[in-house]
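Presented below is the structure to which this report refers.
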Amino acid sequence: MPIPAMTELDWRRVSPRYMVVEAVGALLWMLFFAGLTVFLIVVVEVPLIGWIWSACFAALAFVSIFMSYFRARAIRYALREDDLIVRRGVWFEHTVAVPYGRMQLVDVRRGPIMRLCGLSSVKMITAAATTKAELPGLPVAEAESMRDHLVRVAETRRAGL
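Per my numbering, the sequence shown starts with residue 1101, numbered consecutively.
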């Protein structure tokens, strides 16, 4: 059987609502640094550095909120016969192929912001400590269905180990 090229795979994207989760995360960081800036200006009384600090982090926060759209659009995955491929990254693309037979745990997570958006995150844990196979931004039903599918396929592939 010929191996399909990466461009020929049936790539699926995460929910567009995941952009909201990314943007809220960036906004929370912006609020943290705004509080730090207020602390520098009021308590420590360093007005010039505080205002420069504030301007820099405000610009970074706006860029981060703007980039949340592209970060969410860059996450995609493909289910192949023997493995799951997760691809993410805007500037630096990162691709992970997780063989079904190596999966030890499939975890579905939902933080408070994800719960508000009706989304979940599926994390695949293998024996390798460096495996960073996480698929955020899936609708709850799709995440649970994927978890069940991955566990079922992993059990059949692990039989020979």
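For every residue, glycine included, the Cβ atom is placed at its ideal position computed from N, Cα and C.
Exposed is the label assigned to P1199, since fewer than 16 other Cβ atoms lie within 10 Å of its Cβ. When Cβ pairs closer than 8 Å are counted between the two stretches, the region 1165-1178 is seen to touch the region 1234-1244, the count reaching three or more. Only buried fits R1188, as 16 or more other CB atoms lie within 10 angstroms of its CB. In the three-state reduction of the DSSP assignment, E1242 falls in the helix class, which pools H, G and I.
The alpha carbon of R1176 has as its nearest neighbour, out of W1111, E1242, R1247, V1251, the alpha carbon of W1111. The C-alpha of Y1118 is placed about 13 Å away from the C-alpha of A1243.
For R1215, the enclosing alpha helix (DSSP H) stretches over residues 1212-1217. The beta carbons of V1222 and V1206 sit closer together than 8 Å. For P1199, the beta-bridge partners assigned by DSSP are D1183.
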